[in-house]
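This report refers to the structure that appears directly beneath it.
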Amino acid sequence: QKELQTFLDREQAQARVQQSIHNLTSMCWDKCITSTPSTRFSRGEEGCLANCVERFLDTSLFIVNKIQEQRGQ
Amino acid sequence: MSSLFGGNSASASPPPADVTARKEAVMTQIRNELALASAQELINKTNDKCFAKCVTKPSTALSGSEETCLARCLDRYMEAFNIVSRTYTSRLARERLENPTNAL
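Chains as they are written, first to last, in the numbering used here: chain A, 1 to 73; chain B, 1 to 104.
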C-alpha cells in the first residue's frame with residue numbers, strides 16, 4: 001500500500017541520517033579526542049566536536065559548489 | 001460513508017481493523033529493527049575507539065586502569081555521539097530553512 005511506501009521512504013531517509021551521524025562521530029572523535037578519556041569532556045573537546053560537524057557540512061557544500069562552478073552551471 | 005443516493009464510495013470506507021493492525025505491526029517491527037541496527041553500530045564503534053585508546057599494549061588480562069579507562073571512554077563516546085547528533089540535526093534543519101536549494 002502507498003502508506004507503507006511513504007513510511008519506508010521516511011524510515012530509510014532517517015536511517016541515512018543516522019548513518020551519517022555514526023560516521024561523523026567516528027571522524028570527529030579521532031580529530032578531537034586526542035588524550036585519554038576522563039570523567040567529562042573539556043570545554044575545548046566539546047567545542048571541537050560541534051565545530052567538526054559544522055565544518056564537515058561546510059566542506060560538503062563547498063565541494064559541491066566548486067564542482068558545479070567547474071561544470072559551468 | 002454512503003452517498004445520498006445509496007451507493008458506497010470504496011475510497012471513503014475505513015479499512016478493516018485487522019488490516020490496520022497488521023500494518024501497524026509491520027511498521028513497528030521495521031522501526032525496531034532499524035533502531036537495533038543503529039544501536040549495534042554504536043556499540044561496535046565504541047568498542048573500536050575505546051580499545052584503540054585504552055588498551056595500548058594488550059597483555060594476558062585487562063588491568064584495573066584499562067577497565068577504568070574503558071568505562072570512561074564508553075561514557076565519553078556516547079556523549080560525543082549525542083553532541084554530534086544534536087549539532088548535525090539542528091544544522092540540517094537550519095540549512096533547509098535558510099537554503100532550501102542546497103545539496104544538504
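Don't be surprised by glycine CBs; every beta carbon is placed ideally from N, CA and C.
Item	Value
Considering only the beta carbon of each residue, do Leu49 of chain A and Ile83 of chain B sit closer than 7 angstroms?	yes
Taking only beta carbons into account, state which residues of the stretch 58-84 of chain B come closer than 7 angstroms to chain A, listed in chain order.	Cys69, Arg72, Cys73, Arg76, Tyr77, Glu79, Ala80, Phe81, Ile83 and Val84
Please list the terminal residues of the continuous alpha helix (DSSP H) segment that includes Thr57 of chain B.	Here residue 57 of chain B is Lys; the residue named in the question, Thr, does not match the sequence. Careful: Lys57 of chain B lies outside any alpha helix (DSSP H) and carries neither H nor E.
Determine the direct distance from the alpha carbon of Met27 of chain A to that of Thr59 of chain A, and round the result to whole angstroms.	14 angstroms
Measure from the C-beta of Ser13 of chain B to each C-beta in chain A and report whether the shortest distance is under 7 angstroms.	no
Determine, using beta carbons only, whether Ala15 of chain A comes closer than 7 angstroms to chain B.	yes
How far does the alpha helix (DSSP H) with Phe62 of chain A in it reach, from first residue to last?	Arg43 to Gln70
Is it buried or exposed, Leu74 of chain A, if we count other Cβ atoms within 10 angstroms and call 16 or more buried?	Outside the modelled stretch of chain A, which goes from 1 to 73, sits residue 74 of chain A, for which no answer is possible.
On the three-state DSSP scale, how would you describe Ile33 of chain A?	coil
Please list the terminal residues of the continuous alpha helix (DSSP H) segment that includes Leu62 of chain B.	Taken as a continuous stretch (DSSP letters only), Leu62 of chain B belongs to no alpha helix (DSSP H), as it is neither H nor E.
Would you mind telling me which residues of chain A sit closer than 8 angstroms to Thr87 of chain B, beta carbon to beta carbon, in chain order?	Leu49, Ala50, Val53 and Glu54
Report buried or exposed for Phe41 of chain A, applying the criterion of at least 16 other Cβ atoms within 10 angstroms of its Cβ.	buried
Pick helix, strand or coil for Asn47 of chain B, following the three-state DSSP scheme.	helix
Quick check on Glu41 of chain B - is its C-beta less than 7 angstroms from some C-beta in chain A?	yes
State the Cα-Cα distance for the pair Glu67 of chain B and Asn44 of chain B, rounded to the nearest angstrom.	17 angstroms
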